[in-house]
Amino acid sequence: MISCNPYLNFNGNCRTAIETYAAILGADIMAIMPHSEMPDPSQVPAEWQNLIMHACLKIGDTFLMASDSPPEHFQAAAGLSVSLQIDDPAEADRVYAALAEEGSTTMPIEETFWALRFGMLVDRFGTPWMINCPQPEADCG
Numbered sequence: 003m004i005s006c007n008p009y010l011n012f013n014g015n016c017r018t019a020i021e022t023y024a025a026i027l028g029a030d031i032m033a034i035m036p037h038s039e040m041p042d043p044s045q046v047p048a049e050w051q052n053l054i055m056h057a058c059l060k061i062g063d064t065f066l067m068a069s070d071s072p073p074e075h076f077q078a079a080a081g082l083s084v085s086l087q088i089d090d091p092a093e094a095d096r097v098y099a100a101l102a103e104e105g106s107t108t109m110p111i112e113e114t115f116w117a118l119r120f121g122m123l124v125d126r127f128g129t130p131w132m133i134n135c136p137q138p139e140a141d142c143g
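Sequential numbering of the sequence shown, starting at 3, is according to the numbering used here.
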């Protein structure tokens, strides 16, 4: 069996991002582990103790994982998007609006030839998202 789960890197705001995503998406936080909870927290600088070593969010039957990157290794997400498939057009609009708050719109959410609703944005944490509410007869969003 193979599964595929996006893993996001943040620049010190992973906890806030994961908690925000959980609230918006009605998702369950399965894990949120700061460096202070590792077996030997002395391996990281004191200023890193409250930053997130690993987080896992369960969204439906899938997982979104994340952590804070060391500042010298952090790179903003580019060339990818987290894609959400949402069956209800009103829910797609709600999720899009919530994620877009304080972020930037790449493509306003609207009806397209393949979807009842589709839109793209970059949220306030720098994560690119695609929100897709497929046509009822579509096999894959």
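Note that beta-carbon positions come from the ideal geometry of N, C-alpha and C, so glycine has one too.
Here the structure is a predicted model, which is why all the values come from computation and not from measurement.
Best match in Asn-13, Thr-114, Gly-14, Gln-77 for proximity to Cys-135 [C-alpha to C-alpha]: Here residue 135 refers to the residue found at position 133 of the sequence shown. Among Asn-13, Thr-114, Gly-14, Gln-77, the Cα nearest to that of Cys-135 is on Thr-114.
Within the continuous beta strand (DSSP E) that includes Thr-129, where are the two ends? Mapped onto the sequence shown, residue 129 falls at position 127. Premise fails: Thr-129 is in no beta strand (DSSP E) and is neither H nor E.
Proximity of Val-57 and Ile-20 at Cβ, strictly below 8 Å: Reading the sequence shown from its first residue, position 55 is the one you call residue 57. Reading the sequence shown from its first residue, position 18 is the one you call residue 20. Inspection of the sequence shows that residue 57 is occupied by Ala rather than by Val. Less than 8 Å divides the Cβ of Ala-57 from the Cβ of Ile-20.
Length of the line joining the Cα atoms of Asn-7 and Ala-48: For this step, residue 7 is matched to residue 5 along the sequence shown. For this step, residue 48 is matched to residue 46 along the sequence shown. About 30 Å.
Should Asp-63 be labelled buried (16 or more other beta-carbon atoms within 10 Å of its own) or exposed? Taking the sequence shown and counting its residues from 1, the one referred to as residue 63 is at position 61. Burial call: exposed.
Is it a yes or a no for the stretch 20–31 touching the stretch 95–109, going by three-plus beta-carbon pairs under 8 Å? yes
For Leu-66, list the residues DSSP reports as bridge partners. Here residue 66 refers to the residue found at position 64 when the sequence shown is read from its first residue. Looking at the DSSP output, Leu-66 sits in a beta bridge with Leu-59.
Sequence-distant residues of the same chain with beta carbon closer than 6 Å to Met-122, five excluded per side: Residue mapping note: residue 122 aligns to position 120 of the sequence shown, counting from 1. If we look at Met-122 and ignore the five residues flanking it on each side, its Cβ neighbours are Thr-108, Met-109, Met-132.
Around the Cβ of Phe-76, are there at least 16 other Cβ atoms within 10 angstroms (buried) or fewer (exposed)? Start at 1 with the first residue of the sequence shown, and residue 76 comes out as number 74. Per the 10 Å Cβ criterion, exposed.
Collapsed DSSP secondary structure at Asp-95 in the structure displayed: Mapped onto the sequence shown, residue 95 falls at position 93. Here Asp-95 sits in helix by DSSP.
Distance, Cα to Cα, Val-84 vs Ile-54? Taking the sequence shown and counting its residues from 1, the one referred to as residue 84 is at position 82. Taking the sequence shown and counting its residues from 1, the one referred to as residue 54 is at position 52. Rounded to the nearest angstrom, the gap between the Cα atoms of Val-84 and Ile-54 is 20 Å.
Cβ neighbours of Ser-71 in the same chain (closer than 6 Å, five flanking residues each side left out): Start at 1 with the first residue of the sequence shown, and residue 71 comes out as number 69. Result list for Ser-71: Asn-11, in chain order.
Kindly identify the DSSP beta-bridge partner or partners of Gln-87. On the sequence shown, position 85 is the one that residue 87 refers to. DSSP output for Gln-87 lists Asn-134 as bridge partner(s).
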